[in-house]
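*Asks:* The following block contains the structure, expressed as structure tokens.
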Ligand code: ADP
Ligand code: 5GP
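In this note's numbering, the protein residues as written are 173 to 378.
In structure tokens:
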């Protein structure tokens, strides 16, 4: 296809794109991302570092790098994190290598971060396009039901997550896309449509 394009034109998907998925806890970010990864070999997940304890169904190196406070301090000191934040008393951060190296390899990287992280990744000046997607459940009631049904949080932690969720929703205007996760297959298809469209975006180079 390249040989028929006019000079100074390319499509965005020729190079790596970072797709950042944010949204309140319980929106379904992990569920949507895991479906996306299983369907598209060009997508890779940016595995974050965290000091939060591992949940029973989570794997070190697949879902997160579960680190001690000292190990996390070391990553910060060595400048290895693109961004990091504190959420509910635990630290979460994006290792530079997870994102930059893979974008350079021409892969598309999917990140699961909260809103400050999304903002920081866009501001980081990666030299690659960053697409911000905000995922919401169909209603507040459904959000509460989902976090509770996951069964990973105490009632106190759940209330704190919902308080953070209220604040996160106020950041929707900073995002490029809003996706409702009512039924999971539909939500996955919506995010896939965004990914396909962004890959086909025409870039006019100087
Ligand atoms: P997040 O990563 O945004 O915190 P999860 O992917 O862990 O959210 O989803 C929270 C809970 O809601 C999980 O128990 C998950 O199985 C469930 N869930 C996710 N998407 C849907 C959906 N479309 N309909 C019903 N339950 C869902
Ligand atoms: P959880 O404990 O539910 O896995 O994640 C809590 C919050 O931390 C979620 O909003 C998730 O998106 C966010 N998060 C996970 N990894 C990172 C990261 O590397 N950086 C930032 N800023 N947030 C993250």
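All residues carry an ideal CB built from backbone N, CA and C; glycine is no exception.
Anyone know if the C-beta pair for residue 193 and residue 204 falls short of 8 Å?
*Replies:* Position 21 of the chain shown, counting from 1, holds the residue named residue 193. Position 32 of the chain shown, counting from 1, holds the residue named residue 204. Result yes, Cβ atoms of residue 193 and residue 204 sit closer than 8 Å.
*Asks:* If I measure Cβ to Cβ from residue 375 and keep anything under 8 Å in the same chain, skipping five residues before and after, which residues do I get?
*Replies:* The count along the chain shown starts at 1 and reaches residue 375 at position 203. If we look at residue 375 and ignore the five residues flanking it on each side, its Cβ neighbours are 181, 182, 183 and 184.
*Asks:* Tell me whether residue 233 is buried or exposed, calling it buried when 16 or more other Cβ atoms sit within 10 Å of its Cβ.
*Replies:* Walking along the chain shown from the start, residue 233 turns up at place 61. Flag for residue 233 reads exposed.
*Asks:* Would the beta-carbon of residue 363 fall within 8 Å of that of residue 334?
*Replies:* By 1-based counting over the chain shown, the position of residue 363 is 191. By 1-based counting over the chain shown, the position of residue 334 is 162. No, they are not a contact pair.
*Asks:* Compare the beta carbon distance of residue 274 and residue 198 with 8 Å and say whether it is the shorter of the two.
*Replies:* Here residue 274 refers to the residue found at position 102 of the chain shown. Here residue 198 refers to the residue found at position 26 of the chain shown. No.
*Asks:* So, for residue 239: in the same chain, excluding its five sequence neighbours on each side, which residues have a beta-carbon less than 8 Å away from its beta-carbon?
*Replies:* For the purposes of this step, residue 239 is taken as the residue at position 67 of the chain shown. Counting only Cβ-Cβ distances below 8 Å, and skipping sequence neighbours, we find 221, 222, 223 and 247.
*Asks:* Just to confirm before moving on: does the CB-CB distance between residue 366 and residue 305 stay below 8 Å?
*Replies:* Numbered from 1 along the chain shown, position 194 holds the residue referred to as residue 366. Numbered from 1 along the chain shown, position 133 holds the residue referred to as residue 305. The answer is yes: Cβ separation under 8 Å.
*Asks:* Which term fits residue 258, buried or exposed, when burial requires 16 or more other beta carbons within 10 angstroms of its beta carbon?
*Replies:* In the chain shown, the residue the question calls residue 258 occupies position 86. The residue is exposed, with fewer than 16 neighbouring Cβ atoms inside 10 Å.
*Asks:* What number of angstroms, rounded off, separates the C-alpha of residue 255 from the C-alpha of residue 265?
*Replies:* The count along the chain shown starts at 1 and reaches residue 255 at position 83. The count along the chain shown starts at 1 and reaches residue 265 at position 93. Each residue's Cα considered, the two are about 6 Å apart.
*Asks:* Residue ranges of each alpha helix (DSSP H) run of no fewer than 4 residues wholly in the segment 207-269, ordered along the chain?
*Replies:* Runs found: 241-249.
*Asks:* Which class does residue 351 belong to by DSSP, given the choice of helix, strand or coil?
*Replies:* The residue given as residue 351 occupies position 179 in the chain shown. Strand at residue 351.
*Asks:* Checking 8 Å against the spacing of the C-beta atoms, do residue 330 and residue 200 come in under that value?
*Replies:* Start at 1 with the first residue of the chain shown, and residue 330 comes out as number 158. Start at 1 with the first residue of the chain shown, and residue 200 comes out as number 28. Cβ atoms of residue 330 and residue 200: not closer than 8 Å.
*Asks:* Please report the distance separating the alpha-carbon of residue 359 from that of residue 308.
*Replies:* In the chain shown, the residue the question calls residue 359 occupies position 187. In the chain shown, the residue the question calls residue 308 occupies position 136. C-alpha separation (whole angstroms): 10 Å.
*Asks:* Please work out which residues of its chain come closer than 7 Å, Cβ to Cβ, to residue 202, disregarding the five sequence neighbours upstream and downstream, and give them in chain order.
*Replies:* Reading the chain shown from its first residue, position 30 is the one you call residue 202. Once the five neighbours on either side are set aside, the close Cβ partners of residue 202 are 284.
*Asks:* What residues are listed by DSSP as bridge partners for residue 181?
*Replies:* Within the chain shown, the letter at position 9 stands for residue 181. Residue 181 is bridged to 376.
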